[in-house]
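Chemist:
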Amino acid sequence: MKIGIYGGTFNPPHLGHLAAARTAVEKLGLDKLLLIPAAIPPHKELPQGTPPAQERLAMVEKMADAMRMPQVVEVSDLELEREGKSYTSDTLAQLHARYPEAELWLLMGTDMFLSLHQWHEPERILELASVCAFGRTEQDGEAVFAAQREYLTRTFGAKVETMTLDGLVDVSSTRLRALLAEDRGGEYLLPAVYGHILMNGLYGTRADLKHLDLPELRACSYSMVRQKRVPHIMGTEEEAVRLARRWGADETLARRAAILHDCTKYLELEPQLALCEQYGVELDELEQRAVKLLHSKTGACIARAVFGEPDEVYDAIFWHTTAKENMTVLEKILYLADYIEPNRDFDGVERLRALAYEDIDKALLLGVETTIQEMEERKLPIHKKTLMARDWLRSHGVSVTEGSDK
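In structure tokens, the structure reads:
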């Protein structure tokens, strides 16, 4: 097994770190990549305003999630749990004991590579692991690497690989922290990491969460979910805007509702119930035990309480899972956008997509009936509001032609 170890303060983890991690996995053929935030770096003092270690760990976890390689990429709190300075030699010794047969590769940037011989116990480091150094700019090429690689090889018997990350927009963590304090710099960060920073006021950011522009609102939303959910949220936003144009609804409200509609999707049952209690949401018996029914309610509460969204957005998010009787146009739009966004792929989706632009009420009925049919086939309980939505539409003369169900 070949294991890469990528440590550092990650203060904050930015696109340079992400590019380096991805390149190392690919070019070294790593079976496992461990991302290890340092608690107390031995080579420098943590600057004033550095977030607590657990916040840096949370941001690194978002970076790992964005790599979409759960079988390969792991985040380790090994150095956060260990007392004292985070010496690399100690970390490698622990990992060698844990994976005695593995080939360890220590990953680092140019500056760290050029000073490696000055680290604590360099001979122990280079005995336990091979080194992969990557340049973050085009200037970090062979001319920079060659002399140090030769020295480490000659002096310590080191095994060294070097590579340059082509075309990367480089930014130092120091510069990025300064930009963040000026409410800039988001372009150097994964949206989920940037959203985490904004929502927690890290690095001197002062975002007014109740008045966010769309890029910042998206970042905050993406920070609250897993990366695999982001394409769905983006697709729902895209579809909601198209439907709003077709049916004369407010495009901005449709967009913001779509951005936030799944923001609490990954909360477990107990946190969902706690949020419902906090915001006074009354739950029926089914909702108290069916976690999948709760994210629409808690998401609506977060949209209004945290992000300052108006009642129209609150209501659209609140009903986007179950639907209900006598829905507003915006409520119908979000329900359908969530159902038919471009990433959806199920038997009957093309018929539903076409109908959504021909007759929104017929499309809503088809969506509700499809849900009811699926729940019946799976022998799962159907929420009363979904049944009421179907009955209300039928009682108002809405029908779907025979054979249109999936």
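Residue numbers for the sequence shown follow my numbering, so the first one is 1 and each next one is one higher. Note that CB positions come from ideal geometry on N, CA and C, so glycine has one too.
If you reduce the DSSP assignment to three classes, tell me which class residue 112 lands in.
Modeler: helix
Chemist: Who are the near neighbours of residue 372 in its chain, counting only those whose CB is closer than 8 angstroms to its CB and skipping five residues on each side?
Modeler: 382, 386, 387, 390
Chemist: Between the alpha carbons of residue 146 and residue 46, how many angstroms are there, rounded?
Modeler: Their backbone Cα atoms lie some 30 angstroms apart in a straight line.
Chemist: Would residue 313 and residue 253 qualify as a contact pair, given that the criterion is a beta-carbon distance under 9 angstroms?
Modeler: For the pair residue 313 and residue 253, the CB atoms are nearer than the 9 angstroms cut-off.
Chemist: Which same chain residues, not among the five before or five after residue 368, have their C-beta less than 8 angstroms away from its C-beta?
Modeler: 323, 386, 389, 390, 393
Chemist: By DSSP, does residue 130 sit in helix, in strand, or in coil?
Modeler: strand
Chemist: At the level of alpha carbons, what is the spacing between residue 98 and residue 12?
Modeler: 28 angstroms
Chemist: Given a threshold of 16 other Cβ atoms within 10 Å of its Cβ, counted over all protein chains shown, does residue 87 qualify as buried or as exposed?
Modeler: buried
Chemist: Would you check if the stretch 189 to 201 and the stretch 154 to 167 touch, i.e. whether three or more CB-CB distances between them fall below 8 angstroms?
Modeler: Result no; under three Cβ-Cβ pairs closer than 8 angstroms.
Chemist: Using the C-alpha atoms, what's the distance from residue 125 back to residue 109?
Modeler: 16 angstroms
Chemist: When the Cα of residue 113 is compared with those of 8, 278, 170, 311, which residue comes out closest?
Modeler: 8
Chemist: Tell me, which residues are paired with residue 37 by DSSP?
Modeler: DSSP lists 8 as the beta-bridge partner residues of residue 37.
Chemist: Round the Cβ separation of residue 77 and residue 57 to the nearest angstrom and send it over; I've been treating them as touching at under 8 angstroms.
Modeler: Cβ atoms of residue 77 and residue 57 come within 8 angstroms of each other, at about 6 angstroms.
Chemist: Determine the direct distance from the alpha carbon of residue 284 to that of residue 361, and round the result to whole angstroms.
Modeler: 27 angstroms
Chemist: First and last residue of the alpha helix (DSSP H) that includes residue 163?
Modeler: Counting along the chain, residue 163 falls outside any alpha helix (DSSP H), though it belongs to the beta strand (DSSP E) covering 160 to 164.
Chemist: What residue does the beta strand (DSSP E) around residue 74 start on, and which one ends it?
Modeler: 73 to 75
Chemist: Taking the continuous alpha helix (DSSP H) assigned at residue 102, which residues delimit it?
Modeler: No alpha helix (DSSP H) holds residue 102; DSSP gives it neither H nor E.
Chemist: Would you check if the distance between the CB atom of residue 134 and the CB atom of residue 24 is smaller than 9 angstroms?
Modeler: yes
Chemist: Between residue 27 and the rest of its own chain, which residues show a CB-CB distance below 7 angstroms, the 5 nearest in sequence each way excluded?
Modeler: 163
Chemist: Using three-state DSSP, classify residue 29 as helix, strand or coil.
Modeler: coil
Chemist: Quick one: grab the DSSP three-state call for residue 125.
Modeler: helix
Chemist: Distance, Cα to Cα, residue 347 vs residue 52?
Modeler: Residue 347 and residue 52 have their C-alpha atoms roughly 48 angstroms apart.
Chemist: Tell me whether residue 3 sits in a helix, a strand or coil according to DSSP, three-state version.
Modeler: strand
Chemist: Which residues mark the beginning and the end of the alpha helix (DSSP H) in which residue 390 is found?
Modeler: 384 to 395
Chemist: Report all residues from its chain with a CB closer than 7 angstroms to the CB of residue 265; omit the five preceding and five following residues, and keep chain order.
Modeler: 225, 229, 295
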